[in-house]
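These notes are about the structure you will find just below.
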Amino acid sequence: MRFLALLPLFFLSVLAEKARFDNYRVYQVVPDNENQLEALVSLEDVGQVHDPVDVMVPPHKRDQFQEFLDTYKFRSNVKIENVQSLIDSETNKVGLRSNRMEWTNYHKLDEMYNWLDELAAQHPDKVKVVVGGKSYEGRPIKGIEITFGSNLTGVLLEAGIHAREWISPAGTSWMVNQMLNGKVDPVFKRFNYLYFPHLNPDGYVYSWEKNRLWRKTRTPYKLGKAVCFGADPNRNWDFHWNEIGSSDNPCSETYAGPKAFSEVESKTFSDYLKTVAEEKNLKVFVAYHSYSQLLLYPWGYTTKPSKDEALFNRVAKKAVDSLEAVHGKKFKYGNIATTIYPTSGTTLEWYYNEFNATLSYVYEMRDTGKHGFLIKKMDNLYN
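Residues -16 to -1, 1 to 367 in mature numbering (1 follows the signal peptide of the UniProt record, and there is no 0) are what the sequence shown spells out, letter by letter.
Here you go:
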């Protein structure tokens, strides 16, 4: 799901006080023809005809946006009446949480990292804490290695690359906990795992402390006399970098950075993976994002199918069929470029190309826009 925010250019990048979104609405807009699609593209890169786009509109822009909708005769509806009310509800619930790891509330970065240490202490024969890199502000990209046996295929589970997608580290941590406590299908133990819940730790901390809807890293970049913060860490990888679906504007949500691997996070994590991939027999890569209920695979930079399109499609169909059978939730699946929108410089495609991966997927977790990034935690754990 493409999420647009009609905000002043520097709002999301240079905000000093904690951001509030009182009476900001989220509209879901559906382009039914090429003319409408081109109008939306004038706001930012979007997907395809008939694909819904969520647009967050501040109160002082409502009339202007409604005129835009009327001019182009868009189908639309209000998905969220007041964004701040959802943030306040989430904040009030988080305030009641335990500092110990549990799965009814979200947890801060240090609590998540402490939980990884606890897993290693509880399962010393299976779990080892590892550091896969660092952030611009010096925080570690901390993870765990889970070993169920020797000579098994290695799986990378990656989460939290976009800071505001809190359900990504939350949902994957629940899954890992279930796995280690024997509450999942035994087939999961036919693999070994590397799990990293927070590929963007600076952004995640900032989303707690300053701006709940922050997406990018926290690297400062100059734009004239102003400074905008962060690049999109999922547009910064060195595979068809900045060719499509990204921006050269440092204040954009999809800023690709001044060059591939400009971000400390992407550079150090990619270097780490290159040092361990052969030893860990990494062949399967799964990244977790939110939201939209999608299961995606390469390519994103081109609509041409990859050499493994048939395999990717077959496995994805089985996965989404299983999700619907068990949980009653429909997931759309397909390659990135034709299923949602073209994009480049992503982890998914870099993994696939760099390591000749057998499988490489992105899950866009629940929901489809009712709460979006502000989904209640327990609503989304059971993907």
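We treat Cβ as the ideally placed atom computed from N, Cα and C, and that holds for glycine.
Backbone CA spacing between residue i and residue j [nearest angstrom]
i: P326; j: N61; result: 25 Å
i: H311; j: P242; result: 42 Å
i: M349; j: P204; result: 30 Å
i: N218; j: Y256; result: 17 Å
i: G229; j: I324; result: 11 Å
i: K194; j: W158; result: 26 Å
i: Q106; j: L280; result: 34 Å
i: S328; j: W225; result: 6 Å
i: A215; j: F52; result: 29 Å
i: K2; j: R199; result: 15 Å
i: V13; j: K173; result: 43 Å
i: Q20; j: D35; result: 11 Å
i: M163; j: E293; result: 29 Å
i: residue 447; j: V37; result: No answer is possible for residue 447: the residues shown for the chain start at -16 and end at 367.
i: F213; j: S246; result: 13 Å
i: Y90; j: V39; result: 25 Å
i: V160; j: W87; result: 12 Å
i: I64; j: S231; result: 27 Å
i: P108; j: G166; result: 16 Å
Cβ-based neighbour list, residue i, same chain, cut-off 8 Å, excluding 5 preceding and 5 following
i: residue 370; result: Residue 370 lies beyond the stretch modelled for the chain, which goes from -16 to 367, so this question has no answer here.
i: R123; result: L93, P185, D186 and V189
i: T252; result: G116, G117, K118 and I125
i: P289; result: W283 and N319
i: V41; result: L(-11), Y8, R9, V10, Y11 and F49
i: residue 368; result: Here the chain comprises residues numbered -16 to 367, so residue 368 is not present and cannot be evaluated.
i: D101; result: V113
i: R59; result: V13, V14 and D16
Pair within 7 Å by beta-carbon distance, residue i and residue j
i: G138; j: N340; result: no
i: F269; j: S191; result: no
i: T342; j: G284; result: no
i: Q68; j: R4; result: yes
i: T156; j: Y272; result: yes
i: P234; j: L207; result: yes
Residue of the options minimising C-alpha distance to residue i
i: R202; options: D292, I130 and Y120; result: Y120
i: F186; options: E249, L100 and L295; result: Reading the sequence as shown, one finds Asp at residue 186 and not Phe. Selected option, being the one with the closest Cα: E249.
i: S134; options: L100, V37 and E263; result: E263
i: T259; options: E86, I151, E338 and H91; result: E338
i: K267; options: R84, A244 and Y336; result: Y336
i: S276; options: I151, L207 and N165; result: I151
i: N98; options: P108, I359, R84 and C235; result: R84
i: K57; options: L332, E18 and V304; result: E18
i: V346; options: A309, D305, I359 and F296; result: F296
i: I359; options: S73, K45 and R46; result: S73
Beta carbon proximity, residue i to chain B, threshold 7 Å
i: Y205; result: The displayed structure is made up of one protein chain only, and chain B is not part of it.
Integer Cβ distance of residue i from residue j, believed to fall under 8 Å
i: L183; j: I125; result: 6 Å
i: F175; j: L141; result: Not confirmed; about 10 Å, so no contact.
Own chain, CB closer than 7 Å to residue i, minus 5 neighbours either side, in chain order
i: P153; result: M96, A143, G144, P181 and H182
i: T286; result: A321
i: K301; result: Y317
i: E227; result: Y285 and S328
i: K112; result: A104, I128 and E129
i: V299; result: L343
Neighbourhood of residue i by C-beta, 6 Å cutoff - its chain only, sequence neighbours within 5 removed
i: N7; result: P43 and N66
i: T131; result: K110 and N176
i: R196; result: I71
i: E237; result: R199
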